[in-house]
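Its first residue numbered 525, the sequence shown is counted upward by one per residue in this note's numbering.
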Amino acid sequence: MQKLIVLFSILFLINANPQGIVIKSLQVYTSDNSVSIPVVDETNRLVIEFDVKSPAYPELNIVFRFCNRDWSPLDNAFFLNQGKNIAYYPDFERLPLTVEDADYHFRGEFPDKNGYVDFPYSGKWQFNIVSANDTSIVYASGRFYVVYQQLKMNVTLKNEELEDETFFPSDLAKVFNITSGFNLPDELFPFNVDFLEIVENKKIDYPYIIDRKFNTNRRQFYWNADRKFTFTARDIRPGNEYRVADFRNTNKFISKDINAQFDGLEYSRFFKQGKHDLNGGFLLTDFNDEFATYLNVKFSFRPPEDFSGKIFITGSFNDWKVQPEFELENIYGVYQKIIKLKRGRYDYQYVAADNINGELKNIDWFIFEGNNWETTNEYNIFLFYKDQNFGGYDRIISHYKLIKK
525 MQKLIVLFSI
535 LFLINANPQG
545 IVIKSLQVYT
555 SDNSVSIPVV
565 DETNRLVIEF
575 DVKSPAYPEL
585 NIVFRFCNRD
595 WSPLDNAFFL
605 NQGKNIAYYP
615 DFERLPLTVE
625 DADYHFRGEF
635 PDKNGYVDFP
645 YSGKWQFNIV
655 SANDTSIVYA
665 SGRFYVVYQQ
675 LKMNVTLKNE
685 ELEDETFFPS
695 DLAKVFNITS
705 GFNLPDELFP
715 FNVDFLEIVE
725 NKKIDYPYII
735 DRKFNTNRRQ
745 FYWNADRKFT
755 FTARDIRPGN
765 EYRVADFRNT
775 NKFISKDINA
785 QFDGLEYSRF
795 FKQGKHDLNG
805 GFLLTDFNDE
815 FATYLNVKFS
825 FRPPEDFSGK
835 IFITGSFNDW
845 KVQPEFELEN
855 IYGVYQKIIK
865 LKRGRYDYQY
875 VAADNINGEL
885 KNIDWFIFEG
895 NNWETTNEYN
905 IFLFYKDQNF
915 GGYDRIISHY
925 KLIKK
């Protein structure tokens with residue numbers, strides 16, 4: 525009986541991944557900016573780049589789907605974009621033989637020059653890298669924005685302090701007030717203006733939302749009953765510059781097993797301003813480089829003595845998601861995690877959170893990193909409109925990139 529169970533498990537794994545394919549180091553950016561979140565407009569293209577570990581030449585497709593405000597693909601036939609939604613059998617390059625843990629590399633731009641893929645709708649999009657023989661087998665996914673501007677927003681940022689509660693340390697009261705104002709064109713309906721979304725750096729999963737339906741002391745919406753609108757978020761903590769792990773120097777980082785920081789141990793930076801970062805991005809060694817291999821990178825962090833909770837690491841290597849699998853292990857007061865990463869430079873930080881039944885709650889981005897107005901951040905601001913065409917969808921009608929220097 526045990527032999528049958530083992531055999532069934534092996535067959536299931538083979539069928540679930542018939543080519544033995546693993547997607548690694550997925551990068552999603554635009555042709556004019558390789559480190560910011562991908563926002564496609566009339567002036568640039570989407571770039572998708574990744575490595576593949578595969579025993580044979582990969583047979584893959586890339587399927588593009590238009591999404592709602594929550595990143596769920598729309599099944600409405602109008603938005604499937606059939607005939608222009610799949611990149612079939614993309615070409616791969618062989619990686620150098622010195623590169624371990626990956627075999628092939630892909631880089632493609634979309635909409636492609638041959639016209640097989642386009643993005644006709646302004647809003648949130650998703651792509652899936654799938655088996656060419658069975659599109660239900662998804663190896664990896666990515667997300668991006670498409671924007672066709674219909675109006676211009678006027679955006680301001682100013683330093684403020686929260687006064688509706690007491691904070692300790694007092695630095696936690698420091699915030700940015702971001703206000704976006706605009707006049708709605710005559711062809712658009714005021715009641716369909718829906719909400720404003722602010723994405724800090726590359727934290728797509730943790731946006732600031734100002735919804736016209738809810739006014740609070742910290743999130744405010746104003747409409748003059750005509751064409752003038754204002755959205756305000758006055759609770760955006762600036763945080764600190766991100767920590768940076770840069771192990772591109774092959775003379776300094778020689779072995780396969782390395783420390784994220786050459787000096788090893790890291791500590792709290794709550795009262796220490798960090799150095800310049802990539803606003804959450806990462807840079808990889810050129811894929812054709814013979815040293816562009818994968819390394820076992822150990823992150824080691826000693827928190828303040830009075831801390832006794834769970835610590836997680838998040839960064840450009842996991843799309844800035846705070847996830848249970850990135851919890852650090854407490855080894856005699858030093859919290860550690862080994863992550864396999866391609867040689868490069870990565871922004872990251874440590875966060876505290878409570879793991880409640882596998883779901884992370886009470887995420888604290890500032891307890892180890894600090895919060896001050898000198899931090900440089902990039903804010904991508906999207907205005908959403910509830911378009912009633914084709915059964916209704918969430919359309920982006922304006923985008924503004926704000927860089928706080």
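Don't be surprised by glycine CBs; every beta carbon is placed ideally from N, CA and C.
It should be emphasised that the depicted structure is a prediction, and the values quoted were computed from it without experimental measurement.
Check	Outcome
Find the nearest neighbour of Q785 within the set A769, T774, A697, judged by alpha-carbon distance.	A769
Below 9 Å between beta carbons: does that hold for Y870 and F777?	no
From Q526 to Y663, what does the alpha carbon distance come to, in whole angstroms?	Only weak support is given to the placement of Q526: the predicted model assigns it a pLDDT of 40, under 50, and the value that follows is read from those uncertain coordinates. Whole-angstrom Cα-Cα distance: 30 Å.
What do you get for H629, buried or exposed, if any count of 16 or more other CB atoms within 10 angstroms of its CB means buried?	buried
Tell me whether R618 is buried or exposed, calling it buried when 16 or more other Cβ atoms sit within 10 Å of its Cβ.	exposed
Among L708, N568, S558, which residue has its Cα nearest to the Cα of L808?	S558
Quick check on the DSSP output: what are the complete beta strand (DSSP E) runs of length 3 or more inside the region 849 to 873, in order along the chain?	853 to 855, 858 to 866
With DSSP collapsed to three states, give me the class of L802.	coil
Tell me, to the nearest whole angstrom, how far the beta carbon of V670 is from that of W649; I am working on the premise that it is less than 8 Å.	6 Å
Within the continuous beta strand (DSSP E) that includes G486, where are the two ends?	It is not possible to answer for residue 486, since the shown part of the chain is limited to 525 through 929.
Taking 7 Å as the limit between beta carbons, can you name the residues of its chain near P635, skipping five residues before and five after?	R569, V641, D642, F643
Leaving out five residues before and five after I837 in sequence, what residues of the same chain have Cβ atoms less than 7 Å from its Cβ?	F823, F850, L852, K861, Y872, Y874
Using the Cα positions of F914 and G607, report the straight-line distance between them to the nearest angstrom.	18 Å
For L550, which three-state DSSP category applies?	strand
Could you tell me the distance, in whole angstroms, from the CA atom of S655 to the CA atom of F588?	14 Å
Please report the Cβ distance between Y553 and V571, rounded to the nearest whole angstrom; I am assuming they are in contact, meaning their Cβ atoms lie under 8 Å.	5 Å
From S694 to N901, what does the alpha carbon distance come to, in whole angstroms?	21 Å
For G705, I'd like the list of residues in its chain whose CB is within less than 6 Å of its CB, leaving aside the five on either flank, ordered along the chain.	N678, T754
Under DSSP, the beta strand (DSSP E) around A664 begins and ends at which residues?	662 to 670
Tell me whether the region 740 to 760 and the region 707 to 720 touch, counting them as touching only if at least three CB pairs, one residue from each stretch, are closer than 8 Å.	yes
So, under 8 Å CB-CB, P762 and N895 are touching, yes? Tell me the CB distance rounded to an integer number of Å.	6 Å
Going by beta carbon distance, what residues of the same chain come within less than 6 Å of G833, once the five residues before and after it are set aside?	A876
Output needed for A626: all residues of its chain with C-beta closer than 7 Å, excluding positions within five of it in sequence on either side, in chain order.	K548, D575, V576, K577, L619, Y818
Provide the residue(s) that pair with F611 in DSSP beta bridges, ordered along the chain.	A small correction: the amino acid at residue 611 is Ala; Phe does not occupy that position in the sequence shown. Looking at the DSSP assignment, A611 forms a beta bridge with I586.
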